[in-house]
Amino acid sequence: MREGDDMEFEWPSTCTQPELTVGKTYYIIAKDGTSFTEYYGMTRVRYQLTGTALVIDPEFRPLLRSIMNNFVKDLEKNRGCNN
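Every number in this note's numbering is 2 more than the matching position in the sequence shown, counting from 1.
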């Protein structure tokens, strides 16, 4: 996944869900995705965003924003996880 890639989120209608705004930055921490191929041949990845997934709005709290921004800088510097 790269910056600017489109993402689509799906939740069961019986689960609570965050209100996501198109074009706004969120940090999503979830289990690894599962690859699948659409009927027209495009390979996509589906991420399970229910259960233990976290959707974080970095604007919610200044301290959280600072911590997440530093985390993202480390990910960019290391080109992903460093372990």
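Note that the Cβ used here is the ideal one computed from N, Cα and C, for glycine as well.
Straight across, the Cα-Cα distance linking residue 48 with residue 65 is about 30 angstroms. Per DSSP, residue 68 is one residue of the alpha helix (DSSP H) stretching across 64-80. Using a 10 angstroms sphere on the CB of residue 51, the tally of other CB atoms reaches 16 or more, which defines it as buried.
The residues 37, 39, in chain order, have a CB closer than 7 angstroms to that of residue 45 in the same chain once the five nearest residues on each side in sequence are set aside. At least 8 angstroms separates the beta-carbon of residue 29 from that of residue 22. Linking residue 53 to residue 13 through their CA atoms gives a straight-line distance of about 10 angstroms. Judged by beta-carbon spacing, residue 20 lies within the 8 angstroms limit of residue 57, meaning their Cβ atoms are closer than that value.
For residue 22, there is no enclosing beta strand (DSSP E), as DSSP marks it with neither H nor E.
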